[in-house]
Each structure stands twice: as C-alpha cells, then as structure tokens.
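The opening position of the sequence shown corresponds to residue 1 in full-length UniProt numbering, with each subsequent residue numbered one higher.
By construction, the Cβ of each residue, glycine as well, lies at the ideal position given by its N, Cα and C atoms.
Note that the structure is a prediction, hence the values are computed from the model and not measured.
Structure record follows, encoded as structure tokens.
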Amino acid sequence: MPPALISPSENDYILRGVDSNIRADGRGRLDYRQIILETGLITQASGSARCRLGEGTDVLVGIKVELGAVELDGADEDVAAIKAKRGRVVCNVECSPIASQQFAGRGADDFNNELTQMLDRVLNGPQGGLNLEKLCIIPGQQCWIVYIDAIVLDYAGNILDTIFMTTRAALYNTKIPKTIIQDRGDGEIEFDISDDEEEWERIEGWDKVPVAITLNKIGSRHIVDATPLEELTTEAKLLVTVNKDGKVCGLQKSGGGSINPSLLNDMVQTGRSLGQSLIQSLDEMLQREENDINLKRARKERIEKLGFFAAI
Numbered sequence: 001m002p003p004a005l006i007s008p009s010e011n012d013y014i015l016r017g018v019d020s021n022i023r024a025d026g027r028g029r030l031d032y033r034q035i036i037l038e039t040g041l042i043t044q045a046s047g048s049a050r051c052r053l054g055e056g057t058d059v060l061v062g063i064k065v066e067l068g069a070v071e072l073d074g075a076d077e078d079v080a081a082i083k084a085k086r087g088r089v090v091c092n093v094e095c096s097p098i099a100s101q102q103f104a105g106r107g108a109d110d111f112n113n114e115l116t117q118m119l120d121r122v123l124n125g126p127q128g129g130l131n132l133e134k135l136c137i138i139p140g141q142q143c144w145i146v147y148i149d150a151i152v153l154d155y156a157g158n159i160l161d162t163i164f165m166t167t168r169a170a171l172y173n174t175k176i177p178k179t180i181i182q183d184r185g186d187g188e189i190e191f192d193i194s195d196d197e198e199e200w201e202r203i204e205g206w207d208k209v210p211v212a213i214t215l216n217k218i219g220s221r222h223i224v225d226a227t228p229l230e231e232l233t234t235e236a237k238l239l240v241t242v243n244k245d246g247k248v249c250g251l252q253k254s255g256g257g258s259i260n261p262s263l264l265n266d267m268v269q270t271g272r273s274l275g276q277s278l279i280q281s282l283d284e285m286l287q288r289e290e291n292d293i294n295l296k297r298a299r300k301e302r303i304e305k306l307g308f309f310a311a312i
C-alpha cells in the first residue's frame, strides 16, 4: 500500500488533543464511534452481518456453512487425531479498493493476508469460542465447514475491531441444519440432514467468540477506535482479544514504538474492561433486532390469517 503522510502540525494537534482527552471529533480517549449493526442482509448466505462505525469504517461479513471432508493432514499424530474430530473454519478478508486508495496495488494483498490470518488464528485457536467438535458429523470423514468472508466496504480507521464485531454478529445470525446419525451396524455410519428450518441451530459457542480491542499509544496516552490520522500518529498498537467473561484471549503488539510495563498493564486492563462492555452492548443490539424481526413476522402472519378469514 502507498505510504500515508501526516504533517507536523496535524501530528501536534492530535497529540495535544489526546493528552487533554478531547479528540478532533469530540470523543474522549476511550470512546467508540456510534456502532450500527445489522444482520441477515445476504439471503443466499447461512448468516450475515454488517457493522459501521458512525459514518466511517463499514464491514460486511457473509457466512456459508457447507459439508466437507475432515482435515486429516498434519505431521504430528496427536494433532491429526484432534483435527479428525473437529469441523473447520475458513476465513477470508478483503479490503475493497473503493474503500481507500491505500487498498489499491500489490501491497494490499499482504494487508488482506494479515487480516485473514489474524481472524483465522483466533477462531481456530483454543480461545476462539466456537465448539469445533460439535461441527464434526462423522469423525475422520465428514464435518461442517464454516466459510467466513469479510469485505471492508469503507475505511475510516479501526478495521480489525470492526471485522471482529461483524464476524461475531454474523455467527449469531448463522444456523446449521440438524444432522441425524444412523449406525448401520456393519461399521458404516450414515447421516441425514433435516429440512425443517425450525430444527436448525446456531453454532455452539458463537457467544464465546471474542472481540478485538485495538489500543493505540499516542504520546504517553492510549486511545481506542482510532481515525486514520490518529493511526498515523500512533507509535505502537496493542491488540487485546476479550470474550464475554472478561477473559483476555490473546495479545499482539505492533508498531515500531515501545510500551513501558506500567502502561502496558494499564492498556491490557483497559482492553479487558472495554471488551466485556462492548460484547454486552453488541448482544443487546442483536437481541433487540431479533425481537423486532419476530414481532414483524408475527404481525405479517396475523394479517395473512385475517385476510384468509375475510376471503371466506
């Protein structure tokens, strides 16, 4: 990606604002922009969601759940034995060139790969939340494969946090068919997939999927939900992944600057607290949206029923 530049005066303006806890857009150091969350936007997907940070960063995630073969490769026998009893999550993140000129050119591929690897490492890791064993249908043979495709439609900073929020919401919106296992008794196992959508269930563990909190060190302070100019002023970043129980699931430091131990501990605790609060707010949004959808569906069914009786 082409290097982005910031003038000394802009850099000084941001530093002074962060130090005074008054950022350029009026937020405090630990304030997020307004989060707008929608689900069920892609009819052909098993689940989908879209998340926007105010009028800025905009991410769309679509999830497709398909049958596939269990992953058996692996040099380590113990690892191979574990994978033989698990389903799979396959991630892909792309930043649309129309979102920002930074996402045009060959360098954008490296950035897309970096974001993809980060999401994949969390969701397929031990702290990813999803119960991958429940996605296995026949050990060593068949499983559900969860394909997660995220696309960044617009960019105004803080991409990674938005991707994790959107992915978690899309997983909430995703349901997989119920499978019925049949043992034929001759060592062969068969399975049927239920066509009754009322029996379909959410992926177990979706609620334990962590969110990402990116803390940007600017001067001697740190902020969250940075804008592009604030990201250019950032000396170092600390990514904290946190689940709904407030457990820190992972840490990753990036950037050329250093973080002293006392500030590092403060940033971790800030990320932990903000992450837990953010998940609570996101879950409340998802529940409200589902309640509204159920209410609209009930009204539609009632109107159709009344119309039927009127016709009689």
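Leaving out five residues on either side along the sequence, give the residues of the same chain with a beta carbon under 6 Å from the beta carbon of residue i.
i      : result
ASN131 : GLU204 and GLY205
ALA104 : PRO97
GLN182 : GLU190
ASP120 : CYS91
THR233 : ASN11, ILE14 and ILE218
MET267 : LEU215, HIS222 and LEU238
Is the CB-CB distance between residue i and residue j below 7 Å?
i           : j      : result
ALA170      : GLY47  : yes
ALA84       : VAL70  : yes
ILE145      : ARG86  : no
THR162      : CYS51  : yes
ALA99       : VAL152 : yes
ILE259      : LYS217 : yes
residue 329 : ASN158 : As shown, the chain starts at 1 and ends at 312. That puts residue 329 outside it, with no answer to give.
CYS95       : THR116 : no
LEU15       : GLY255 : no
ASP12       : ASP154 : no
ALA150      : VAL240 : no
According to DSSP, is residue i part of a helix, a strand, or is it coil?
i      : result
THR43  : coil
ALA81  : helix
VAL65  : strand
ILE35  : strand
TYR147 : strand
ASP154 : strand
GLU10  : helix
ASP161 : helix
ALA49  : strand
MET1   : Only weak support exists for where MET1 lies, its pLDDT of 49 falling under 50; the value from the coordinates is given anyway. If DSSP states are grouped into helix, strand and coil, MET1 belongs with coil.
ASP292 : helix
ASP245 : coil
ASN124 : coil
ASN96  : First, the residue type needs correcting, since residue 96 is Ser and not Asn in the sequence shown. In the structure shown, SER96 sits in coil (DSSP, three-state: anything other than H, G, I, E or B).
ALA212 : strand
ASP195 : coil
SER220 : coil
ILE279 : helix
ILE22  : coil
Can you give me the Cβ contacts of residue i inside the same chain, cut-off strictly under 8 Å, excluding the 5 residues immediately before and after it?
i      : result
SER273 : GLY246
SER194 : PRO177, LYS178, THR179, ILE180 and TRP200
ARG29  : VAL18, ASN21, ARG23, ARG221, HIS222, ILE223 and VAL224
When the Cα of residue i is compared with those of the options, which residue comes out closest?
i      : options                           : result
ALA24  : THR227, THR270 and MET267         : THR227
LYS244 : SER262, ARG29 and VAL209          : VAL209
ASP165 : ASP292, ILE22, ASP283 and ILE6    : It is worth fixing the name first, because residue 165 is Met in this sequence and not Asp. Ranking ASP292, ILE22, ASP283 and ILE6 by Cα distance to MET165 puts ASP283 first.
LEU278 : LEU15, ALA156, ALA212 and ARG302  : ALA212
GLU198 : ILE63, LYS175 and ASP120          : LYS175
ASP192 : CYS143, GLU231 and ARG29          : CYS143
ALA156 : ASP266, ASP225, PRO261 and ASN113 : ASP225
GLY56  : ILE293, GLY140 and LEU229         : LEU229
ASP292 : GLU38, SER9, GLY17 and ASN113     : GLU38
ARG202 : VAL18, LYS134, ARG29 and SER9     : LYS134
LEU123 : ILE6, VAL242, ASP196 and SER9     : VAL242
CYS136 : LEU160, LEU67 and ASP196          : LEU67
Enumerate in chain order the residues of its own chain whose CB-to-CB distance from residue i is below 7 Å, with the five nearest sequence positions on each side excluded.
i     : result
GLY54 : ARG33 and GLN34
ILE42 : SER48 and GLY62
- Per the contact definition of three or more C-beta pairs closer than 8 Å, is the stretch 116-133 in contact with the stretch 242-251? Judged by Cβ distances under 8 Å, the stretch 242-251 makes contact with the stretch 116-133, as three or more pairs qualify.
- Cβ pair count under 8 Å reaching 3, the stretch 108-123 against the stretch 28-47: In this structure the stretch 108-123 does not touch the stretch 28-47; the number of beta carbon pairs closer than 8 Å is below three.
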